[in-house]
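A.B. asks:
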Amino acid sequence: MVILKTNSMIKKIRLSCRLASQTLDYASQVIQVGQTTKELDELIYEFICSHDAIPASLGYNGFPGSSCISINEVVVHGIPGPRVINAGDVVKVDVTTNLNGYFGDTARTFLMEPVSDQARKLTEITKKSMDLAIQTVRPGSRVGDIGATIQGCVEKEGFSVVRDFVGHGVGLRMHEHPAIPHYGKAGEGMIFKTGMIFTIEPMINAGAFGVKILGDKWTAVTIDGQLSAQFEHAILVTEDGHEILTIS
Ligand code: MF3
Ligand code: CO
Ligand code: CO
2 MVILKTNSMI
12 KKIRLSCRLA
22 SQTLDYASQV
32 IQVGQTTKEL
42 DELIYEFICS
52 HDAIPASLGY
62 NGFPGSSCIS
72 INEVVVHGIP
82 GPRVINAGDV
92 VKVDVTTNLN
102 GYFGDTARTF
112 LMEPVSDQAR
122 KLTEITKKSM
132 DLAIQTVRPG
142 SRVGDIGATI
152 QGCVEKEGFS
162 VVRDFVGHGV
172 GLRMHEHPAI
182 PHYGKAGEGM
192 IFKTGMIFTI
202 EPMINAGAFG
212 VKILGDKWTA
222 VTIDGQLSAQ
232 FEHAILVTED
242 GHEILTIS
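Using this note's numbering, the first residue of the sequence shown is number 2, and each one after it goes up by one.
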């Protein structure tokens, strides 16, 4: 069942989303070459806790980090640990906040300069595909409009859309209905209504879309070992269109 959020819920979810976004602003300032992903995650933990919120990832189905930090061929759900962030890396940081029981979820890709032309183009196109997909969202638009827009944007550049992970409703829990695939056909699927809140979080691979999960049961990597990029926003469907709740 899809939850239509009331105005009082929206106010509280907006605050959580804003904190998630501010956490990524903070991450963008403190991330550095030579740091381990665990060190970055500890800074993120302190930031979220110092704003009277809880990192919702921590302990979620046993996940051991306050954020997911996924480097290069790691697509999503990278576990913070001893891996060192190097120059040239494509680093995805994904933060989910629980503020007073309301959830915000957002992710960005950080480029550790200098990076390859391919890394830069992949990251720019991934961001562009999310932004174009967000523009389709309004009452009466459909879930398939999002997927078709993202696919159209990235496949013409020779990149591919990951199928195994999707966007999702968010707000009262981290993951709610509906599922939001980042591939699909325009005009198909669920029709959006005012008060829905969901994420759009395309994972775009430089090579093939196939992913596999490592032995730690979390880390998702590209099967071909090529780069992957991701951005994520939480979107509210409003009477006249949409509002990006995780705006910086
Ligand atoms: N933030 C992720 C998402 O976008 C979920 C992370 S769950 C975790 O859906 F346990 F891996 F942290
Ligand atoms: Co999400
Ligand atoms: Co997320």
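In this text, a Cβ means the ideal position worked out from N, Cα and C, and glycines have one as well.
Quick check on V238: buried or exposed, where buried means 16 or more other Cβ atoms within 10 Å of its Cβ?
C.D. replies: Residue mapping note: residue 238 aligns to position 237 of the sequence shown, counting from 1. So V238 counts as buried.
A.B. asks: Taking the C-alpha atoms as reference points, what is the distance between S9 and L25?
C.D. replies: Taking the first residue of the sequence shown as 1, we reach residue 9 at position 8. Taking the first residue of the sequence shown as 1, we reach residue 25 at position 24. Straight-line Cα distance between these residues: approximately 25 Å.
A.B. asks: Which whole-angstrom value is the C-beta distance of V3 and P179, which I expect to be below 8 Å?
C.D. replies: Residue 3 sits at position 2 when you count from the first residue of the sequence shown. Residue 179 sits at position 178 when you count from the first residue of the sequence shown. Their Cβ separation, rounded to whole angstroms, is 6 Å, which keeps V3 and P179 in contact under 8 Å.
A.B. asks: Just mark I214 as buried or exposed, buried being the case when its beta carbon has 16 or more other beta carbons within 10 Å.
C.D. replies: Against the sequence shown, residue 214 aligns to sequence position 213. Exposed, since its Cβ has fewer than 16 Cβ neighbours within 10 Å.
A.B. asks: Using 10 angstroms around the beta-carbon of G168, count the other beta-carbons present and answer buried if the total reaches 16, otherwise exposed.
C.D. replies: Here residue 168 is taken as the residue at index 167 of the sequence shown, counted from 1. So G168 ends up on the buried side.
A.B. asks: How many angstroms separate the CA atom of K218 from the CA atom of E244?
C.D. replies: Taking the first residue of the sequence shown as 1, we reach residue 218 at position 217. Taking the first residue of the sequence shown as 1, we reach residue 244 at position 243. So the alpha carbons of these two residues sit roughly 34 Å apart.
A.B. asks: Is DSSP giving A57 helix, strand or coil here?
C.D. replies: Indexing the sequence shown from 1 puts residue 57 at position 56. In the structure shown, A57 sits in coil (DSSP, three-state: anything other than H, G, I, E or B).
A.B. asks: Relative to ligand 3, is the shortest distance from any of its heavy atoms to the C-beta of A280 smaller than 7 Å?
C.D. replies: Only positions 2 to 249 of the chain appear in this structure, which leaves residue 280 out of reach.
A.B. asks: Starting from T150, trace the alpha helix (DSSP H) in both directions and tell me its first and last residue.
C.D. replies: Position 149 of the sequence shown, counted from the first residue, corresponds to residue 150. Note, T150: alpha helix (DSSP H), 144-156.
A.B. asks: Just to confirm my understanding: we take M1, look at its own chain, exclude 5 residues before and 5 after, and list those with CB closer than 7 Å. What are they?
C.D. replies: The requested residue 1 does not occur in the structure, where the chain is confined to residues 2 to 249.
A.B. asks: Near G208, which residues of its chain fall below 6 Å by C-beta distance, leaving aside the five closest residues on each side in sequence?
C.D. replies: To locate residue 208, count along the sequence shown from 1; it is residue 207. Hits under 6 Å: D225, Q227.
A.B. asks: Quick test of the definition: if touching needs 3 or more C-beta pairs under 8 Å, does the region 76-93 touch the region 39-54?
C.D. replies: Taking 8 Å as the limit for Cβ pairs, the verdict is that the region 39-54 does touch the region 76-93.
A.B. asks: What residue ranges within the region 218-249 form continuous beta strand (DSSP E) runs of no fewer than 3 residues, ordered along the chain?
C.D. replies: Counting whole runs of 3 or more residues, the region 218-249 contains the beta strand (DSSP E) stretches 221-223, 229-231, 234-239, 242-245.
A.B. asks: T247: beta carbon under 7 Å from a heavy atom of ligand 1?
C.D. replies: As a position in the sequence shown, residue 247 is number 246, starting the count at 1. The answer is no for T247.
A.B. asks: Cβ atoms of L112 and V91: under 8 Å apart, would you say?
C.D. replies: On the sequence shown, residue 91 is found 90 positions in, with the first residue counted as 1. On the sequence shown, residue 112 is found 111 positions in, with the first residue counted as 1. Yes, the pair counts as a contact, with Cβ atoms nearer than the cut-off.
A.B. asks: If we call anything under 8 Å between Cβ atoms a contact, is I135 one with I236?
C.D. replies: Position 134 of the sequence shown holds residue 135. Position 235 of the sequence shown holds residue 236. Contact: yes.
A.B. asks: Which value, in whole angstroms, describes the spacing of the CA atoms of G141 and F232?
C.D. replies: For the purposes of this step, residue 141 is taken as residue 140 along the sequence shown, with counting starting at 1. For the purposes of this step, residue 232 is taken as residue 231 along the sequence shown, with counting starting at 1. Each residue's Cα considered, the two are about 24 Å apart.
A.B. asks: Rounding to the nearest angstrom, what Cα-Cα distance links V34 and E114 in this structure?
C.D. replies: As a first step, residue 34 must be located in the sequence shown, where it is residue number 33. As a first step, residue 114 must be located in the sequence shown, where it is residue number 113. Using only the alpha carbons, I get a separation of about 9 Å.
A.B. asks: Contact check, R164 vs F210 under 8 Å by CB: the rounded distance?
C.D. replies: By one-based count along the sequence shown, residue 164 stands at place 163. By one-based count along the sequence shown, residue 210 stands at place 209. Yes, R164 and F210 are in contact; Cβ-Cβ is about 6 Å, under 8 Å.
A.B. asks: Is C18 near ligand 1, with its Cβ less than 7 Å from a heavy atom?
C.D. replies: Sequence index remark: in the sequence shown, residue 18 carries index 17 (1-based). For ligand 1, not one heavy atom lies less than 7 Å from the Cβ of C18.
A.B. asks: Using CA atoms only, rank isn't needed, just tell me which of R15, M197, K13 is closest to G242.
C.D. replies: Along the sequence shown, read from residue 1 onward, the residue named residue 242 stands at position 241. When each option's Cα is compared against that of G242, the closest is M197.
A.B. asks: With burial defined as no fewer than 16 other Cβ atoms inside 10 Å of the residue's Cβ, what is the status of G185: buried or exposed?
C.D. replies: Indexing the sequence shown from 1 puts residue 185 at position 184. Flag for G185 reads buried.
A.B. asks: Among V116, N101, R139, which residue has its Cα nearest to the Cα of I86?
C.D. replies: The residue labelled residue 86 in the question sits at position 85 within the sequence shown. Per the Cα distances, V116.
A.B. asks: If we count the other Cβ atoms within 10 Å of its Cβ and call it buried at 16 or more, is N206 buried or exposed?
C.D. replies: Against the sequence shown, residue 206 aligns to sequence position 205. Burial call: buried.
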